[in-house]
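Read the structure below first, then the notes.
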Amino acid sequence: MTLRRPRAVLFDLDGTLADTAPDLAAAMNKVRTDRGLEPTPYELLRPVASAGARGLIGASFGLKPGDEGYEELRVAFLDNYESAIAVHTVLFDGMDVLLEGLKAQELAWGIVTNKAGRFTNQLVPRIGLGHAGCVISGDTTPHSKPHPAPLLEAAQRLGLSPEECWYVGDDLRDIQAGRAAGMITVAAAWGYCGHAEPTTWEADVMAATPLDVLASIRTAA
-7 MTLRRPRAVL FDLDGTLADT APDLAAAMNK VRTDRGLEPT PYELLRPVAS
43 AGARGLIGAS FGLKPGDEGY EELRVAFLDN YESAIAVHTV LFDGMDVLLE
93 GLKAQELAWG IVTNKAGRFT NQLVPRIGLG HAGCVISGDT TPHSKPHPAP
143 LLEAAQRLGL SPEECWYVGD DLRDIQAGRA AGMITVAAAW GYCGHAEPTT
193 WEADVMAATP LDVLASIRTA A
């Protein structure tokens, strides 16, 4: 397909812009060690980091929302995370080059994440992303991804139509949300991706690195 050139690029946060898994996993494992349990191996937690508390508690305790004990674990995990939110979190390699490339082409960019504003508003400026054109958190609109509402809100705040935006994410729900919003979708294969194969998501663009996103923009019509 011929890609339409964007006027803005929107990004998921966890697993797309930033490698937040080390701090998320540490917060989850503190829940375990505070209860006298052995830490869950990092390699089991990293793939599900984009799913937040739901994914991490599922991998670490085998519980899902609604199960007995889940809510207590969720509250403890989130409190731990808030107290150490940017200890090891960094931008993915090449992301700074991508963002500079967007600036050089006079393209806007923003963040659309399912992370609650309680955390997003603290984390974004601390990892050098405070100059984002917009930041939409999981509780900014009544719906979170895969619903398109957060992406539509981001486009509106940038003063653009959804069709003028690309959305980049490392989870199937990101691609679903972008497609529902009418945006070009980009699968960030460098991210966490759950235990899924991103090539099955039917994204418009498959990007192995952040620089691949920049290359796709440069070749778009």
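Residue numbering for the sequence shown follows the numbering used here, starting at -7 and increasing by one per position. Beta carbons: idealized from backbone N, C-alpha and C, even for Gly.
Neighbourhood of residue i by C-beta distance below 7 Å, restricted to the same chain and skipping five residues each side
| i | result |
| --- | --- |
| P57 | R46 |
| A51 | T32, L36, L37 and V40 |
| A108 | S129, G130 and D131 |
| A200 | A181 and W182 |
| A188 | L164 |
| T191 | M198 |
| R118 | A78 |
| M87 | L9 and P202 |
| A195 | I167, T177, V178 and A179 |
Nearest-angstrom beta carbon gap, residue j and residue i [assumed within contact, 8 Å]
| i | j | result |
| --- | --- | --- |
| T81 | L115 | 7 Å |
| R(-4) | A180 | With a Cβ gap of about 19 Å, R(-4) and A180 do not count as contacting. |
| V104 | A146 | 5 Å |
| L90 | L203 | 7 Å |
| L121 | L9 | 7 Å |
| R110 | E74 | 7 Å |
| G125 | D4 | Actually they are not in contact, since the Cβ atoms of G125 and D4 sit about 15 Å apart, beyond 8 Å. |
Contacting residues, own chain, Cβ-Cβ under 6 Å from residue i (five flanking each side not counted)
| i | result |
| --- | --- |
| F69 | A19, M20, V23 and A45 |
| G93 | L206 |
| A169 | K137, P138, P140 and L143 |
| R(-1) | L152 and E156 |
| N72 | A19 and K22 |
| H135 | A141 |
| N106 | G130, S136 and K137 |
| A172 | P140 |
| L133 | Per the sequence shown, residue 133 should be read as Thr rather than Leu. These residues qualify, in order along the chain: A141, P142 and E145. |
| Q97 | none |
Assigned secondary structure, residue i (DSSP; H/G/I helix, E/B strand, else coil)
| i | result |
| --- | --- |
| W158 | strand |
| D71 | helix |
| G58 | coil |
| L29 | coil |
| V116 | helix |
| D15 | helix |
| D6 | strand |
| V205 | helix |
| I103 | strand |
| A0 | strand |
| I49 | helix |
| L83 | strand |
| A213 | coil |
| A124 | coil |
| A43 | helix |
| A76 | coil |
| A199 | strand |
| D88 | helix |
| L37 | helix |
| G216 | The shown model of the chain, from -7 to 213, leaves out residue 216, and the question about it has no answer. |
| L300 | The displayed coordinates of the chain run from -7 to 213. Any statement about residue 300 would go beyond what the structure contains. |
| L215 | Here the chain comprises residues numbered -7 to 213, so residue 215 is not present and cannot be evaluated. |
| L96 | Here the sequence assigns Ala to residue 96, which means Leu is not the residue at that position. A96: helix per DSSP, three-state reduction. |
Same chain, Cβ closer than 8 Å to residue i, five either side skipped, listed in chain order
| i | result |
| --- | --- |
| G186 | P39, V40, S42, A43, G47, D163 and L164 |
| D26 | A68 |
| V79 | P14, D15 and A18 |
| G61 | F53 and L55 |
Whole beta strand (DSSP E) runs in the segment 134 to 194 with 3 or more residues, listed along the chain?
-> 157 to 161 and 176 to 180
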